[in-house]
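Engineer: Structure provided below as structure tokens; questions to follow.
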Amino acid sequence: MTSEKPRLYFFLVLLSLSLILSFLVFRPFLYSLILAMVFAIIFQPLYQRVLKWVKGQAWLAAFLTIIILIIFILVPLAFLFFQIFQEAQTLYLTLISSFDRQAFISGLPPIFSNLSVDIDQYVKNILSFLVQNLGTIFSNLAKIFVSLFVFLMALFFLLKDGGKLKQKIIILSPLTKDEDEAIIKKIVLAVNSVIKGNLFVAILQGISTSVGLTIFGVPNPVVWGTLAAVGALVPGVGTTIVLLPAIGYLYFTGQVIGAAGLLVWGILAVGMIDNFLGPKLVGKGTGLHPLLVLLSVLGGLILFGPIGFILGPLVISLLVVLLDIYADIFK
């Protein structure tokens with residue numbers, strides 16, 4: 000019996016080292032793999048439909064599902080980012096060209112009369128920074144393309160072999176099969192709730208806001224619509240972060256009818272998405288308190304970066320699921 004302990008300890012040391020090294024190997028692609036898992040859950044119903052259509056050929060169904068994802072999601076996102084970049088550039092040049100340096104300085108209190116605001120030098124500094132960091136910029140672009148490739152490959156195999164992976168996890172888990180199934184079911188519910196209830200509704204609200212801004216003549220509607228979508232992800236903020244300033248802009252520039260029209264548009268068109276479409280898409284949802292949703296979104300953004308608005312609520316939802324399982328086990 001004593002000889003078994005050294006073997007067990009040696010095995011645990013090897014297992015720990017392997018887990019640590021494996022984590023370090025996968026660490027550069029961790030976000031891509033997590034996103035692939037999330038999208039595999041979201042697109043599972045579509046994959047199952049395509050699988051029936053191709054008569055059970057899993058690899059072909061996974062391939063066609065990814066093609067659909069690229070055509071209807073990734074390509075429009077690429078065009079959106081390009082449009083945002085163009086409008087942001089136009090907005091920046093407009094602000095720079097309309098900035099009257101002499102008027103600005105003369106309008107300051109006397110204590111600031113000798114203040115020199117050299118916009119040309121400021122622009123030159125920005126251009127110099129860009130030139131000096133071109134290597135870093137291209138390096139980041141290369142990382143984005145590598146991450147995108149890893150994401151698509153991981154998504155392909157998760158769609159194709161997700162069922163086998165699920166069975167492996169259940170076999171390795173020390174919990175009972177019913178407990179594992181309950182955890183997986185609630186995680187799937189949480190993912191669908193976060194994506195459909197938060198992300199998809201926020202995107203629809205951003206699009207609706209952009210349409211309203213375009214109709215009533217607010218400049219750079221895509222940029223402001225994107226900001227509205229980001230605001231819609233944060234409970235308590237919403238699209239008002241963009242709509243109220245836009246209404247004020249129209250009103251104070253003499254476009255009273257446009258301001259009233261945008262107000263009505265915001266209440267009916269944009270607000271209706273959140274009030275009527277949101278609950279239908281979410282269904283039962285995660286059951287998270289609005290304060291937890293707010294903290295999970297903000298904390299996720301701080302901890303994980305831009306992807307945090309998805310990962311934050313998912314982490315908290317997983318915690319709630321595990322606490323429910325714990326309560327059932329030790330009742």
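Okay, so the sequence shown: first residue is 0 according to numbering that gives the first Met the number 0, each after it adds one.
Even for Gly, the Cβ is constructed at its ideal location relative to N, Cα and C.
Between Leu-7 and Leu-14, what straight-line distance do the alpha-carbon atoms span, to the nearest angstrom?
Structural biologist: Translated into the one-based positions of the sequence shown, residue 7 becomes position 8. Translated into the one-based positions of the sequence shown, residue 14 becomes position 15. Approximately 10 Å, taken between the alpha carbons.
Engineer: Express the C-alpha separation of Lys-176 and Ala-228 in angstroms, rounding to a whole number.
Structural biologist: Locating residue 228 in the sequence shown gives position 229, counting from the first residue. Locating residue 176 in the sequence shown gives position 177, counting from the first residue. Answer to the nearest angstrom: the Cα atoms are 40 Å apart.
Engineer: Leaving out five residues on either side along the sequence, give the residues of the same chain with a beta carbon under 8 Å from the beta carbon of Val-236.
Structural biologist: As a working note, residue 236 is residue 237 in the sequence shown. Hits under 8 Å: Gly-230.
Engineer: Taking C-alpha atoms, which residue in Thr-213, Phe-84, Gln-204 lies nearest to Leu-267?
Structural biologist: By 1-based counting over the sequence shown, the position of residue 267 is 268. Comparing Cα positions, the closest option is Gln-204.
Engineer: Of all the options Ala-153, Pro-44, Val-200, which has the alpha carbon lying nearest to the alpha carbon of Leu-32?
Structural biologist: As a position in the sequence shown, residue 32 is number 33, starting the count at 1. The shortest C-alpha separation from Leu-32 is found at Ala-153.
Engineer: Which class does Phe-62 belong to by DSSP, given the choice of helix, strand or coil?
Structural biologist: For the purposes of this step, residue 62 is taken as residue 63 along the sequence shown, with counting starting at 1. DSSP places Phe-62 in helix when its eight states are reduced to three.
Engineer: How do the region 308-317 and the region 184-195 stand: do at least 3 beta-carbon pairs fall below 8 Å, yes or no?
Structural biologist: Taking 8 Å as the limit for Cβ pairs, the verdict is that the region 184-195 does touch the region 308-317.
Engineer: Which of the three DSSP states, helix, strand or coil, is assigned to Pro-312?
Structural biologist: Working through the sequence shown from its first residue, we reach residue 312 at position 313. Residue state, collapsed to three classes: helix.
Engineer: For the alpha helix (DSSP H) holding Ile-40, just list the boundary residues, first then last.
Structural biologist: Position 41 of the sequence shown holds residue 40. That run of the alpha helix (DSSP H) goes 29-41.
Engineer: Using C-beta distances below 6 Å, list every residue in its chain close to Leu-226, excluding the 5 sequence neighbours before and after it, in chain order.
Structural biologist: Here residue 226 refers to the residue found at position 227 of the sequence shown. Correct list, in chain order: Val-241.
Engineer: If you measure between the beta carbons of Ile-309 and Val-74, is that distance less than 8 Å?
Structural biologist: In the sequence shown, counting from the first residue as 1, residue 309 sits at position 310. In the sequence shown, counting from the first residue as 1, residue 74 sits at position 75. No, these two residues do not count as a Cβ contact at 8 Å.
Engineer: Just to check my reading of the structure: Ser-207 and Val-269 have Cβ atoms closer than 8 Å, yes? What is that Cβ distance to the nearest angstrom?
Structural biologist: The count along the sequence shown starts at 1 and reaches residue 207 at position 208. The count along the sequence shown starts at 1 and reaches residue 269 at position 270. With 8 Å as the limit, Ser-207 and Val-269 qualify as a contact, their Cβ atoms being about 5 Å apart.
Engineer: Could you give the residue range of the alpha helix (DSSP H) that holds Pro-218?
Structural biologist: The residue labelled residue 218 in the question sits at position 219 within the sequence shown. Per DSSP, Pro-218 belongs to no alpha helix (DSSP H) and is neither H nor E.
Engineer: If I measure Cβ to Cβ from Val-233 and keep anything under 6 Å in the same chain, skipping five residues before and after, which residues do I get?
Structural biologist: Numbered from its first residue, the sequence shown carries residue 233 at position 234. Val-296.
Engineer: Closest to Gln-82 by CA distance: which of Trp-223, Ile-256, Ile-306 is it?
Structural biologist: Against the sequence shown, residue 82 aligns to sequence position 83. Ranking Trp-223, Ile-256, Ile-306 by Cα distance to Gln-82 puts Trp-223 first.
Engineer: Using only alpha-carbon positions, find the residue among Tyr-248, Leu-198, Leu-290 that is nearest to Gly-307.
Structural biologist: Reading the sequence shown from its first residue, position 308 is the one you call residue 307. Closest option to Gly-307, Cα to Cα, is Leu-198.
Engineer: With a 10 Å radius around its C-beta and 16 neighbouring C-beta atoms as the bar for buried, classify Phe-275 as buried or exposed.
Structural biologist: One-based indexing of the sequence shown puts residue 275 at position 276. Counting Cβ neighbours within 10 Å, Phe-275 comes out exposed, since fewer than 16 surround it.
Engineer: Suppose the cutoff is 7 Å on Cβ atoms and the five residues either side in sequence are ignored; what does the same chain contact list for Tyr-46 look like?
Structural biologist: Locating residue 46 in the sequence shown gives position 47, where the first residue counts as 1. So the list reads Ala-60, Ala-61, Thr-64, Leu-158, once near-sequence residues are dropped.
Engineer: For Gly-257 versus Gly-211, is the C-beta distance shorter than 8 Å?
Structural biologist: Taking the first residue of the sequence shown as 1, we reach residue 257 at position 258. Taking the first residue of the sequence shown as 1, we reach residue 211 at position 212. No, the pair does not count as a contact, with Cβ atoms beyond the cut-off.
Engineer: My output table needs one value for Pro-173: the three-state DSSP class, helix, strand or coil.
Structural biologist: Your numbering for residue 173 matches position 174 in the sequence shown. The answer is coil: DSSP assigns Pro-173 none of H, G, I, E or B.
Engineer: Mapping DSSP to helix, strand and coil, what is Leu-18?
Structural biologist: Translated into positions along the sequence shown, residue 18 becomes position 19. The answer is helix: DSSP assigns Leu-18 an H, G or I state.
Engineer: Given that a residue counts as buried once 16 or more other Cβ atoms are within 10 Å of its Cβ, and exposed if not, what is Leu-290?
Structural biologist: Residue mapping note: residue 290 aligns to position 291 of the sequence shown, counting from 1. Result: exposed.
Engineer: What does the Cβ neighbour count give for Tyr-30, buried or exposed, with the cut at 16 atoms within 10 Å?
Structural biologist: The residue given as residue 30 occupies position 31 in the sequence shown. Buried, by the Cβ-count rule.
Engineer: Excluding the 5 residues flanking Gly-216 on each side, which residues of the same chain have their C-beta closer than 8 Å to its C-beta?
Structural biologist: Taking the sequence shown and counting its residues from 1, one reaches residue 216 at position 217. Cβ within range, chain order: Leu-249, Gln-254, Gly-257.
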